[in-house]
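Remarks on the structure that follows.
2 protein chains.
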Amino acid sequence: MAVYTEVSDEDLDAFLQRYDLGRVLSCKGIAEGIENSNFLLQTETGNYILTLYERRVARRDLPYFLALMAHLAAHGVACPTPVRARNGEALGELSGKPAAIVGFLMGQWPRRSTAEQCSALGEAMARLHEAGRSFAMTRANDLSLAGWRSLIAARHARADELQPGLGAELDGEIAALERAWPRDLPEGVIHADLFPDNVFFLGDKLSGIIDFYFACNDILAYDLAIAMNAWCFEPDGSFNVTKARALFSGYARVRPLAAEETAALPVLARGAALRFAATRLYDWFADTGSALVRRKDPLEYVKKLRFHRGVAGPAAYGLA
Amino acid sequence: MAVYTEVSDEDLDAFLQRYDLGRVLSCKGIAEGIENSNFLLQTETGNYILTLYERRVARRDLPYFLALMAHLAAHGVACPTPVRARNGEALGELSGKPAAIVGFLMGQWPRRSTAEQCSALGEAMARLHEAGRSFAMTRANDLSLAGWRSLIAARHARADELQPGLGAELDGEIAALERAWPRDLPEGVIHADLFPDNVFFLGDKLSGIIDFYFACNDILAYDLAIAMNAWCFEPDGSFNVTKARALFSGYARVRPLAAEETAALPVLARGAALRFAATRLYDWFADTGSALVRRKDPLEYVKKLRFHRGVAGPAAYGLA
Chain A
33 MAVYTEVSDE DLDAFLQRYD LGRVLSCKGI AEGIENSNFL LQTETGNYIL TLYERRVARR
93 DLPYFLALMA HLAAHGVACP TPVRARNGEA LGELSGKPAA IVGFLMGQWP RRSTAEQCSA
153 LGEAMARLHE AGRSFAMTRA NDLSLAGWRS LIAARHARAD ELQPGLGAEL DGEIAALERA
213 WPRDLPEGVI HADLFPDNVF FLGDKLSGII DFYFACNDIL AYDLAIAMNA WCFEPDGSFN
273 VTKARALFSG YARVRPLAAE ETAALPVLAR GAALRFAATR LYDWFADTGS ALVRRKDPLE
333 YVKKLRFHRG VAGPAAYGLA
Chain B
33 MAVYTEVSDE DLDAFLQRYD LGRVLSCKGI AEGIENSNFL LQTETGNYIL TLYERRVARR
93 DLPYFLALMA HLAAHGVACP TPVRARNGEA LGELSGKPAA IVGFLMGQWP RRSTAEQCSA
153 LGEAMARLHE AGRSFAMTRA NDLSLAGWRS LIAARHARAD ELQPGLGAEL DGEIAALERA
213 WPRDLPEGVI HADLFPDNVF FLGDKLSGII DFYFACNDIL AYDLAIAMNA WCFEPDGSFN
273 VTKARALFSG YARVRPLAAE ETAALPVLAR GAALRFAATR LYDWFADTGS ALVRRKDPLE
333 YVKKLRFHRG VAGPAAYGLA
């Protein structure tokens, strides 16, 4: 739930003067998204999402994210298209924050995902990876190994409050992943945050992908590992191999995985679990002040990490 | 910001089977409203607001509120119209909570109100009061004098933490209002919560009134007193007599105030200020658990109370 910035009518009207979207009919803060303030904006020309960029999203990265969305949408990936102001710019400023308007995407994110949805997600992710090949800009992943190490270091003294021994366990995991992390797998543009609340469906048909604010250049199969962690564990912590198989086979319909990508999945999945354990651990002990943010449980991802540490190989994910 | 209940796709689909609204295209939690969970629902037939009734709104009162909205909308008051399911019922159950769908109202609530908007509000309020005459159901105001007394009693021991002497001051105020409260003024259906966030405008044109969940039968002029407190004080605490005059003259265009109603305004305004001071004081020291609710400052309304205690008569509000 997130609306950090109150936008006055006057500010909004002035902001929209820069666009050809007609008069504002309605503008409501949306109780979704944690990083930014999002509003469902209705004007005489249609429905849009207005985003004010708050903490964590670096201003210097915004042109990358907006250009990527425009590129992907132009190349057939179902995702929001940034709306350009009359001066050609998609990025503006509203109530003192960087702000952009994107097209409204129909659909709902699945509260309980199905194997069919995992399959559709795999296919859409592969199309995103393919469309990303011709995208000219690049952005390093600042939440890769070095980033995890510093997040965990910043909370090391408090990790054991969550579970005794957790600090040492995460240190060992970082060290193991630094040794084992693959160096020569295919890389490209990845979404890097393909959780269910970022993927919209109309029934089992995928209607679009949103929230590209962690997108970057990294190992393509790492994107699959992130999604597998987010989609293929049930609420009780059990791993649903049917959903994993559906995810991978959906992906392979568009972009077949090389043998070395498949072989690397267990270590990529450990890394993907550690990444979210690290950011959640960091946020758990952050002083949020009066911000109305619901903290996410770091231990959920520690458990996923342990699961992947224990698997014998990619066969555990339903892969041959 | 309020979405207390997560609604699964399956639950929503099952709920909508009872209506003739077509397929769900989108359903987003809205970061507005404190008492209930609100969703902007888009279906094949249009846009709606889906509300799940949470704490404070008593289930037994819901038929009154929904019937009142339907009655007012049918009598030309711009307000949301409840949508009936195929069985004729406007009230259903979703995810274990009472739930209803109402039509979507265009417009935005004013973050900084103008005198023109106060005038339009006065006129709309008088139309609401007039339309309420033919409404057959009644509901007592449970946030009237006796209600204030018990809310303040429940927090008496802690009131002085906010400001030394506050507990005694509020006791004295209750006693004074019990003696001075008018007994013979015209009564009828009042909204009882006409704050700016419950009144939508397109420019200076009032497009509708929402949130009837405090509506009840009480003194009509008390509704004006509540709105005067909510609309006619500036953020720095000063009283804007131009806005007050606009509010009263807008009202009088539809329903002229009797001399005894005008004369009673200072005491009604003290009562209206005490009512919100009392609920805010109660909430200030309530254990909200993990609920993401922004508390409102009780002292804002204590200051308004003191202002009204100090006025010589209705002339202070710009009234002759």
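Chains A and B, in that order, are what the protein sequence lines are.
Okay, so the first sequence: first residue is 33 according to the working numbering, each after it adds one.
Okay, so the second sequence: first residue is 33 according to the working numbering, each after it adds one.
A virtual CB, placed ideally from N, CA and C, is assigned to each residue, including glycine.
Counting only C-beta atoms, is B/Arg144 closer than 8 Å to chain A at any point? Taking the second sequence and counting its residues from 1, the one referred to as residue 144 of chain B is at position 112. Output row for B/Arg144: interface = yes.
Taking DSSP as the reference, what is the three-state secondary structure of A/Glu38? Working through the first sequence from its first residue, we reach residue 38 of chain A at position 6. Secondary structure of A/Glu38 (DSSP, three-state): coil.
I'd like to know if A/Ser40 contacts chain B, where contact means its C-beta is closer than 8 Å to some C-beta of that chain. Here residue 40 of chain A refers to the residue found at position 8 of the first sequence. Answer yes: the Cβ-Cβ gap between A/Ser40 and chain B drops below 8 Å somewhere.
Can you list the residues of chain A that B/Ser58 reaches, using a CB-CB cut of under 7 Å? One-based indexing of the second sequence puts residue 58 of chain B at position 26. Chain A residues near B/Ser58: Met138, Gly139 and Gln140.
Pairs of beta-carbons, one from the stretch 220-234 of chain B and one from the stretch 163-177 of chain B, closer than 8 Å: are there three or more? Short answer: they touch.
Within 8 Å, strictly: CB atoms of A/Leu175 and A/Arg50: Indexing the first sequence from 1 puts residue 175 of chain A at position 143. Indexing the first sequence from 1 puts residue 50 of chain A at position 18. No, the pair does not count as a contact, with Cβ atoms beyond the cut-off.
Backbone CA spacing between A/Glu292 and B/Thr77 [nearest angstrom]: Start at 1 with the first residue of the first sequence, and residue 292 of chain A comes out as number 260. Start at 1 with the first residue of the second sequence, and residue 77 of chain B comes out as number 45. Distance between the alpha carbons of A/Glu292 and B/Thr77: 50 Å.
At 4 residues or longer, and completely inside the stretch 240-312 of chain A: list those alpha helix (DSSP H) runs for me, N to C. 252-263 and 273-286
Could one say the Cβ of A/Gly61 lies closer than 8 Å to chain B's Cβ atoms, at least one of them? Against the first sequence, residue 61 of chain A aligns to sequence position 29. A/Gly61 counts as touching chain B.
Cβ neighbours of B/Tyr333 in the same chain (closer than 7 Å, five flanking residues each side left out): Reading the second sequence from its first residue, position 301 is the one you call residue 333 of chain B. The residues are Ala305, Phe308, Ala309 and Arg312.
Put B/Val221 into one of helix, strand or coil per three-state DSSP. On the second sequence, position 189 is the one that residue 221 of chain B refers to. It is a strand residue.
Own chain, CB closer than 7 Å to A/Trp180, minus 5 neighbours either side, in chain order: Start at 1 with the first residue of the first sequence, and residue 180 of chain A comes out as number 148. Excluding positions up to five away in sequence, the list reads Ile206, Leu306, Arg307 and Ala310.
Closer than 8 Å, CB to CB, is A/Glu332 near chain B or not? As a position in the first sequence, residue 332 of chain A is number 300, starting the count at 1. Taking 8 Å as the threshold, the shortest C-beta distance from A/Glu332 to chain B does not fall below it.
Would you please state the rounded distance, in angstroms, between the beta carbons of B/Asp225 and B/Asp236? I believe it to be under 8 Å. In the second sequence, counting from the first residue as 1, residue 225 of chain B sits at position 193. In the second sequence, counting from the first residue as 1, residue 236 of chain B sits at position 204. Not really, about 22 Å apart at Cβ, beyond 8 Å.
Shorter than 7 Å, the distance from the beta carbon of A/Ala46 to the closest heavy atom of the ligand HEM, or not? The ligand HEM is not part of this structure, which contains no ligands at all.
Out of A/Val134, A/Phe227, A/Glu210 and A/Glu38, which one is the CA nearest neighbour of A/Ala117? Taking the first residue of the first sequence as position 1, residue 117 of chain A is located at position 85. With distances taken between Cα atoms, A/Ala117 lies closest to A/Val134.
Beta-carbon separation of A/Val299 and A/Leu177 under 8 Å? In the first sequence, the residue the question calls residue 299 of chain A occupies position 267. In the first sequence, the residue the question calls residue 177 of chain A occupies position 145. Contact: no.
Going along chain B in order, which residues have a C-beta closer than 9 Å to the C-beta of A/Glu64? Taking the first sequence and counting its residues from 1, one reaches residue 64 of chain A at position 32. Here the neighbours are Val35, Lys60, Gly61 and Ala63.
Is it true that the stretch 59-71 of chain A meets the stretch 85-105 of chain A, where meeting means three or more beta-carbon pairs spaced less than 8 Å apart? yes
Taking the alpha-carbon positions, what's the A/Phe227 to B/Thr274 distance? The residue given as residue 227 of chain A occupies position 195 in the first sequence. The residue given as residue 274 of chain B occupies position 242 in the second sequence. Rounded to the nearest angstrom, the two C-alpha atoms are 52 Å apart.
Complete runs of the beta strand (DSSP E) confined to the stretch 82-134 of chain B [at least 3 residues]: 124-126
B/Leu147 versus B/Arg277: straight-line alpha-carbon distance, rounded: Here residue 147 of chain B refers to the residue found at position 115 when the second sequence is read from its first residue. Here residue 277 of chain B refers to the residue found at position 245 when the second sequence is read from its first residue. The identity of residue 147 of chain B in the sequence shown is Ala, whereas the question assumes Leu. B/Ala147 and B/Arg277: Cα-Cα distance of roughly 8 Å.
By the criterion of Cβ-Cβ separation under 7 Å, what are the contact partners of A/Leu53 in chain D? Among the protein chains in the structure shown, which are A and B, there is no chain D.
Near A/Gly303, which residues of its chain fall below 6 Å by C-beta distance, leaving aside the five closest residues on each side in sequence? For the purposes of this step, residue 303 of chain A is taken as the residue at position 271 of the first sequence. Result list for A/Gly303: Leu209, in chain order.
Going by Cα to Cα distance, which pick from A/Ala46, A/Leu73, A/Leu202 and A/Leu217 is closest to A/Leu126? Taking the first residue of the first sequence as position 1, residue 126 of chain A is located at position 94. Nearest of A/Ala46, A/Leu73, A/Leu202 and A/Leu217 to A/Leu126, Cα basis: A/Ala46.
Assuming B/Ala296 and B/Leu217 are in contact, meaning their beta carbons sit under 8 Å apart, how far apart are those beta carbons, in whole angstroms? On the second sequence, residue 296 of chain B is found 264 positions in, with the first residue counted as 1. On the second sequence, residue 217 of chain B is found 185 positions in, with the first residue counted as 1. Yes, B/Ala296 and B/Leu217 are in contact; Cβ-Cβ is about 6 Å, under 8 Å.
Buried/exposed call for B/Ser182, threshold 16 Cβ in 10 Å: Sequence index remark: in the second sequence, residue 182 of chain B carries index 150 (1-based). Classification of B/Ser182: exposed, given that the 10 Å Cβ count is below 16.
Taking CB distances under 8 Å as the criterion, tell me whether B/Leu279 reaches chain A. Start at 1 with the first residue of the second sequence, and residue 279 of chain B comes out as number 247. B/Leu279 does not count as touching chain A.
Kindly list, in the order they appear in chain A, the residues whose Cβ is closer than 7 Å to that of B/Leu72. For the purposes of this step, residue 72 of chain B is identified with residue 40 of the second sequence, where counting begins at 1. Those within 7 Å of B/Leu72 in chain A are Lys60 and Leu72.
Report the three-state DSSP secondary structure of A/Asn230 (helix, strand or coil). Working through the first sequence from its first residue, we reach residue 230 of chain A at position 198. Looking at A/Asn230 - three-state DSSP - the assignment turns out to be helix.
Could you give the distance in angstroms between the alpha-carbon of B/Asn79 and the alpha-carbon of B/Glu201? Against the second sequence, residue 79 of chain B aligns to sequence position 47. Against the second sequence, residue 201 of chain B aligns to sequence position 169. Each residue's alpha carbon lies about 48 Å from the other.
CB B/Leu252 to CB B/His340, shorter than 8 Å? Here residue 252 of chain B corresponds to residue number 220 of the second sequence, with the count starting at 1. Here residue 340 of chain B corresponds to residue number 308 of the second sequence, with the count starting at 1. B/Leu252 is not a Cβ neighbour of B/His340, given a cutoff of 8 Å.
Determine whether the Cβ of B/Leu104 lies closer than 8 Å to any Cβ atom of chain A. Position 72 of the second sequence, counted from the first residue, corresponds to residue 104 of chain B. No, because no Cβ of chain A sits closer than 8 Å to the Cβ of B/Leu104.
Examine chain A for any beta-carbon lying closer than 8 Å to the beta-carbon of B/Leu234, and answer yes or no. Position 202 of the second sequence holds residue 234 of chain B. Output row for B/Leu234: interface = yes.
Can you name the residues that DSSP bridges to B/Val343? As a first step, residue 343 of chain B must be located in the second sequence, where it is residue number 311. Its beta-bridge partners do not exist; DSSP assigns none.
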